[in-house]
Structures are given as structure tokens and as C-alpha cells.
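Chemist: Sending over a structure as C-alpha cells; questions will come in a sec.
Residue numbers (this note's numbering), protein chains in the order written: chain A, 811 to 1307; chain B, 452 to 787.
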């Protein structure tokens, strides 16, 4: 790749009330390179790209593109300069067609009429360019999976002459094969000279796709390295400013009684004859592709969705669960997959979020503020939840701390089974390590834990036993010793050994 | 787009030390801006018309906002939980008529009043039940029951006025304490204290905030959404019935058109009082302030002899302003 600097950001500074989000950040981008940007949540990555894409204005600093000082005050300015951003949450309109989404906001018209022929033809070309020849331009977006929607978003970004493409955690909800497809697309864009800023929490991706990596922490750039020189532990140390050791399973006993048992558990059309057991003090990892039925299983056990048939036993006794309340009463907790939509109540305080389930189950009519406060303080302390006060709205916390509050919601009650669905999704490395440690301690304390995760390294690190699902069936079971990523993936895609 | 590098501005970094800092600030921002608005209005009113601060006039304002205050406090429960209740006016009419009819047939006011309150709760609860069971949005359900309840109100009286009611109910609406303070505002204060207590100190109140903040998260925390919605909408109906009882006592008559259009005033008072239309944030104290703001505006316009049609326009614009302020407030709190 030619060493041709396309973008240079110098001494970028941005203040928010009470916090300096960016402190004299320098960043540059070469033509045709993938520059990976990593850092914990709150490190300043998002602020930096929002300044580049015109969503925020910087307080000080300069941006130079092709050797010329430029001013980016609004998203339109960025677009004029050939800068496009694909955000983590896909910002498209599900009921519209693929072509309509690609040209959303700028349908070419002739005499006030939309020229659909041309739009469809151009959309087709763009989709082919991003390596998605199998996406039809007149399919409604909502009928496509997340991965394909992502490719549509990329195609949309390319509708104009894009020279700088910013991707914010593009793989966070993709399966491995979908990620491979996306990487293919990225490589072909690279070869055409598009420069890409790639934000990710997944360090294993960095080596696969990146050319250079820049680590940010506390609003500053800690360092930029060629990918070949940046090994995993170096990056993590740069990100968190200390060594993170994830070495769980120190104190776990292997043999406990089954605390959760499913016998011929089914949900018509979704889950087929699931038999499984989680022992006291055991972490059972649940691997599989997205759509394999893992989340459906978790929700059906917890009573969040109706229609589960078959027998559920807690501590050997049969239980009948028809609502989340029944499940909680039986001793089961669920940390749902989407924290913002299903887990937390953003506008309410840390304390209310933490005490929600406890209060609903244990308070009769009146709230006991003394107890609320004591328990909240205890768990803020125990799980080291970083919040200035228990009265702070939970949405103002970082993702990791939000998730710890949701965990604490269940830990403050006397429960037996913990179902964790993608518990570390969208959480930075430092907080992940803390949550791993919490899971480990909970297993030691006697919880039976069923942990759904799409990150195999996470499953392999934490689990005592690993189950694999494919299309609503349990297709594989591995002990910790036998499990490898390859074996698990084979079962996950429905293959036989 | 050429430009020279900007000068780096030095800004002091505020510490994160203050234990309440932002949260208290947000609470003040939310309820406080309504309160500030009320104070500004009172100052304007005093300047515009010297007779505004005449105690007789002020007590009159309190009396006039009382009915809206009852209905708006019930509305606050509903909006907090993420819903809306358009049927309040019709519930006022129907419960007032049921009480008046029973009294005309010789039932004691105590019993007739109690039946009216129960009926109000039941009508509201029915709203909540339908909303939860049929999973239809509250706007549509209560738009429908607004018609249905109004229709029943017409049906039970054949559209006639009910008057010549037996004596005995007058003190509630027409009475004065110490010979000067009208009774209805005192009932408002009593009801407000109870409503505040329920929202701030009980499980039901917390559930209302939780459901309004994120219904799915509340459900997954084990909260029984259906039961809570039935009670929350029931409370709205109950508060309508309280307004019906007091209003009937003021007029000692009632009619099928009673309460028509009250839903707009109630929603306006709630939103102006800082309760978020999206649910999860706000409270009844703000709503009382909102009701007072509406009352003071109407009073000023009357005192300065403004064209009554202009009143309607002004009220509409003020509501719009309040919603805009709410938007700005949200943006501020998100960016902070």
C-alpha cells in the first residue's frame, strides 16, 4: 500500500460538561489502509469519529484532508469530503426496500418523478461491489438478516465517491461466516483505495483485517502500531493501563447436584426436544450461530415467551413457569441479550434498576428505602460498579457498569440459576474481565450458570461444559478439556463429526 | 472550506466529586422549569392587572383549576406509565350522572358518591384491561372508550340535564373553610398528597415509572404488567370520579356534556409539569404546577378582557411551548 496520507487530525480537543472527552488527539489515515481504533468505552473513539463525521464540533485542533485544512461542521460537510460512517446500530428504515434504503434521502428525480430504473440499476452495482450479489434490490430491508442489512449499509455508504469509510463495531452482531463476508468486502474496498477507520472491541479481528492499530484511553491516544507489532496482551495493557488476567475456575467444584434440568423441552417451531442439565457451581456455555434458538431457549425457560412444553426441574422438583415472576420465584434469573431494550430502564436511577426485581418480589405495598439503599450500596461495592451516586440515571453509566447493575439486580435475591445471554456484548475489555471474574465467583458460590455467547473464546475460557445448538436442536456437548473452536463450529453449522 | 487552526481554549475540568451533582440538577431542571414558569407568569399577571393579586381572585383561580387538577393527576399516572387516557372527560360525565341519578332515586349522597368512585375506577380499569389484553395502543383504546362512555352518559339520562338534586352534597364544592378558603382546592391538596405518596413510596408507583421507562425490561424483572396497567388506568378513572363528585356539588346539577375537552387540559397540565410524554419521568407535584400555569393564564386573559377566542389560541401555543421545552430538556440531559 502506498504511503499516502489522506487524513490527518491534529491536536483534536473536545470538552463536554465536566469531562474532557478528547485531549489533543493526533490521528492519521493512509490511502487504502484499515486503521483499527480500539479503547474501552468512554476512551474517546466515538467522540473522535463523530467529530470527523460532523455530528460534533471540536473545540480545538485541525483536520487536514489531502494536505488541505478543512472544516467539518455538519454531517453534510463530511459527506462532501467523501467521509461516510456506518454506525453500530444500523440506521436504515426496515419497511423500505433495499434500493430505497441505499438512496434514502437522495432519490434522483427527473421532473419530480423518481427514476426507479436508474436507482435499481445503481443499487445493483453497489451491492455487487460489496460482494452481495444475492441481495435483491426490491426486498424489504426488514426481511434481511442483520448481516445482510450491514452490507446494505456499506453499499449505501458507497453511493457517493467515498474515500474514508468509518465502521463502528460492524461485527458486533454477526456470525463468523458473516464476518468473513464483511472482511472480504473490506479487502476489496481497500484495494480500490478506500481508507477505513475500523472500531472494534474484538481484538482477534484486528490481526485479520487491520494494517495499523491505534489505542485510545481517557480521551488520549496511547499509541499507534503496525498490526504485526501489536500482540494481544500489549493492546490490552495499552487499553486498560494495567495487565488483565482472566484466569477463572480457581475454586470451582466439578461435581454438584443438578440445579436446573430440562426434560423434552420444546417450543413449537423453535425448539425441539431439548434435554439439558446445569449443576450447582457449574458454568455451562451455550454456543451456536445467531438464530440457532439459544435466546429462544433462554426466554422460554424464564417464562418471557409462552409456548414452552416439557418438564423443568429446579433442584429436582418440577416447576411450572408461565411468567418471569414464576421463574424468579422458582430461583431462575435471566440477563437478557439486549441490555438497553430488555435489561435496563435508562431514565431511572441505578438504585431503582438494581432493586426492581427484589422490590417487586419482597416488598408488599410500600418501598423500604433503607433496605434499598443498603443493598444498593452493598452491590455497588461488591461488583465495583463505577457510579458517582446510586441516584445517577443508569443510561449515563458505561456499558460494563450498566451490565453489572443488571447482574446485581439478580444477585441481591436468593436465586439458584443464572441464565446469561450475551452478557458481555458491547462491553469493553476491562469490564469484560471484571464480569468474567464475577461469573467465576458466582459459580464458586453455588449458582448454576447457563451462559449463551457468540464469542467462542469467552465460552472456552469460562465454561465447565459446552453445549451447541443448531436450528432449535442441541447438537453437541463437549467437556472443557475436549472443546475446541473448530469442533464447536462444526456442530454449530449442523455438521457431523 | 479553508481555515486556520483554531486557538485551543482552556477550560477548567469540573470534578466528578459532588455526590448528587447531575441527578439533583436534572430533577430541578425537570420540575423546576415548570415552577420557574409559574413564578414568571405570576409576576407578569401582577404587572398586567393589579386585581390579580387580590386574595379573592387568587382563591378563585385555585377553585377553577381544581377540577383539572384531579383529572390531570390521574392522567399523570397514566402518562408516567407510558400511556395516555383520552376517555377522562367521558368518565367524568358518566360517573357524575350515575351519582346524580342514584341520589335522585333517594340513595344517600355517601353511598351514591362511593358508587360513583367505584364506577370511575372500574371504567378506568376496563381501559387498562383492554389495552393490555388486546395489545392495542392506549391512544386508540381510550379514543374508542371516550365515545363509548360518552354514549352511555347520553343513554342513562336520555341526554337530559339532571337538576333539583337533593340537598346535602353542597359543602364539598361550595363550602368554605374559615369562611374564606374554598373546599375543592383543599381536597386537591389531600388527593395530591396521597397521589405523591403512591408514586414515590409504593411498589405500585415504582412499577408505573418502570413500565413507562421500559415495559419489556420491567416485565423481565418479574413485574406483572397487566395488573399494574389495570390499576394505573383505574386510578385515572377514580380521579375523574372525584372530579365528578366535586363538580356536581359545585353546580348541584349535571349534564351529559360535562367534562368534554378536559382530556386536553389534563394532558397539557401533565406535560407542562415536566412529566415526560415518553413515560418514566415526572410526578404529580409538577402536574399541579402545570394546572396552576393553565389557570393563571386563563385568569390573566380574563382580567385584561382579552377576546375569549384568543384564550384558546394562547393556551394551545403555551402547550406547544411546554413540549418544546421538554424536548430541549431531554437533549440537555442526554448530552450532559
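Just so it is clear, CB atoms sit at the ideal spot from N, CA and C, and this is done for glycine as well.
Is there a C-beta anywhere in chain A that falls below 8 Å from the one on residue 772 of chain B?
Modeler: It does not: the Cβ of residue 772 of chain B has no partner Cβ on chain A nearer than 8 Å.
Chemist: Which chain B residues sit within Cβ distance under 9 Å of residue 1134 of chain A?
Modeler: Going along chain B in sequence order, the residues near residue 1134 of chain A (Cβ under 9 Å) are 670, 671, 672, 673, 674.
Chemist: Look up residue 1230 of chain A in the DSSP assignment and say whether it is helix, strand or coil.
Modeler: In the structure shown, residue 1230 of chain A sits in a strand (DSSP, three-state: E or B).
Chemist: State the CB to CB distance for the pair residue 705 of chain B and residue 610 of chain B, rounded to an integer number of angstroms; the pair is presumed to be in contact (CB under 8 Å).
Modeler: Residue 705 of chain B to residue 610 of chain B, Cβ: 12 Å. No contact.
Chemist: Looking at chain A, is there any beta carbon in it that lies within less than 8 Å of the beta carbon of residue 661 of chain B?
Modeler: Yes, residue 661 of chain B lies at the interface with chain A (some Cβ there is under 8 Å from its Cβ).
Chemist: Quick one: what's got a C-beta closer than 6 Å to residue 1054 of chain A's C-beta in the same chain, skipping five residues either side?
Modeler: In this prediction, residue 1054 of chain A has a pLDDT of 49, which is less than 50 and means its spatial position is unreliable; nothing more can be read from the coordinates.
Chemist: In this structure, how does DSSP classify residue 1291 of chain A when only helix, strand and coil are distinguished?
Modeler: Residue 1291 of chain A falls in the coil class under three-state DSSP.
Chemist: Under 8 Å between C-beta atoms, does residue 680 of chain B make it to chain A?
Modeler: Not one chain A Cβ lies under 8 Å of residue 680 of chain B.
Chemist: Going by the beta-carbon positions, is the gap between residue 869 of chain A and residue 824 of chain A smaller than 8 Å?
Modeler: Against a cut-off of 8 Å, the Cβ pair of residue 824 of chain A and residue 869 of chain A comes out as a contact.
Chemist: Look up residue 1027 of chain A in the DSSP assignment and say whether it is helix, strand or coil.
Modeler: DSSP places residue 1027 of chain A in strand when its eight states are reduced to three.
Chemist: Output, in chain order, the set of chain B residues within a Cβ distance shorter than 7 Å of residue 1114 of chain A.
Modeler: In chain order: 671.
Chemist: What residues are listed by DSSP as bridge partners for residue 633 of chain B?
Modeler: BP columns for residue 633 of chain B point to B:627.
Chemist: So, helix, strand or coil for residue 608 of chain B, using DSSP?
Modeler: Reduced to three states, the DSSP call for residue 608 of chain B is helix.
Chemist: Using only CA atoms, which one of A:1213, A:948, A:882 lies nearest to residue 913 of chain A?
Modeler: Checked all of A:1213, A:948, A:882; the closest Cα to residue 913 of chain A is A:948.
Chemist: For the region 572-621 of chain B, which segments carrying the alpha helix (DSSP H) assignment without a break, of at least 4 residues, lie completely within its bounds, in sequence order?
Modeler: If we require 4 residues or more, the alpha helix (DSSP H) runs fully inside the region 572-621 of chain B come out as 589-608.
Chemist: Residue 1154 of chain A versus chain B: which residues are under 8 Å apart at the beta carbon?
Modeler: The contacting residues are 665, 668.
Chemist: Answer yes or no: does any C-beta atom of chain A fall closer than 8 Å to that of residue 653 of chain B?
Modeler: So, interface residue.
Chemist: Name the two residues that bound the continuous alpha helix (DSSP H) containing residue 723 of chain B.
Modeler: 713-723 is the extent of the alpha helix (DSSP H) around residue 723 of chain B.
Chemist: Would you mind reading off the limits of the beta strand (DSSP E) that contains residue 1011 of chain A?
Modeler: No beta strand (DSSP E) contains residue 1011 of chain A, which DSSP labels as neither H nor E.
Chemist: Should residue 657 of chain B be flagged as near chain A, meaning a C-beta pair shorter than 8 Å?
Modeler: Yes, contact with chain A.
Chemist: Residues of the region 727-738 of chain B with a CB closer than 9 Å to any CB of chain A: list them in chain order, please.
Modeler: Cβ contacts with chain A come from 727, 729, 730, 731, 732.
Chemist: Going by DSSP, which residues form a beta bridge with residue 870 of chain A?
Modeler: Answer by DSSP bridge pairing, in chain order: A:823.
Chemist: With a threshold of 7 Å, establish whether the CB of residue 833 of chain A neighbours any heavy atom of the ligand GDP.
Modeler: Absence of the ligand GDP is noted for the structure shown, with no ligands found whatsoever.
Chemist: For residue 1267 of chain A, which three-state DSSP category applies?
Modeler: Residue 1267 of chain A falls in the helix class under three-state DSSP.
Chemist: Taking only beta-carbon atoms, is residue 1211 of chain A less than 8 Å away from chain B?
Modeler: Not an interface residue.
Chemist: Less than 8 Å between the C-beta atoms of residue 892 of chain A and residue 1009 of chain A, yes or no?
Modeler: It is not a contact, given that the beta carbons lie outside the stated cut-off.
Chemist: Determine the contact status of residue 1082 of chain A and residue 1282 of chain A, defining contact as a CB-CB distance below 8 Å.
Modeler: Contact: yes.
Chemist: Determine, using beta-carbon pairs with one atom in the region 623-631 of chain B and one in the region 714-723 of chain B, whether at least three such pairs fall under 8 Å.
Modeler: Result no; under three Cβ-Cβ pairs closer than 8 Å.
Chemist: So for residue 507 of chain B, helix, strand or coil by DSSP?
Modeler: Helix, per DSSP.
Chemist: For the region 1148-1178 of chain A, which residues have a beta carbon sitting closer than 8 Å to at least one beta carbon of chain E?
Modeler: In the displayed structure, chain E is absent; the protein chains listed are A and B.
Chemist: According to DSSP, residue 777 of chain B sits in a beta bridge with which residue or residues?
Modeler: BP columns for residue 777 of chain B are empty, so no partner.
Chemist: Leaving aside the five residues before and after residue 750 of chain B along the sequence, list all residues of the same chain whose C-beta is less than 6 Å from its C-beta, in chain order.
Modeler: Contacts found: 512.
Chemist: Counting beta carbon pairs with one atom in the region 749-763 of chain B and one in the region 501-516 of chain B, are three or more of them shorter than 8 Å?
Modeler: Verdict: yes, contact present.
Chemist: Closest Cβ-Cβ distance between residue 1196 of chain A and chain B: below 8 Å?
Modeler: With 8 Å as the cut-off, residue 1196 of chain A does not count as an interface residue toward chain B.
Chemist: Tell me the rounded alpha-carbon separation between residue 649 of chain B and residue 662 of chain B.
Modeler: Rounded to the nearest angstrom, the two C-alpha atoms are 15 Å apart.
Chemist: Taking 8 Å as the CB-CB cut-off, is residue 1268 of chain A touching chain B?
Modeler: Residue 1268 of chain A does not count as touching chain B.
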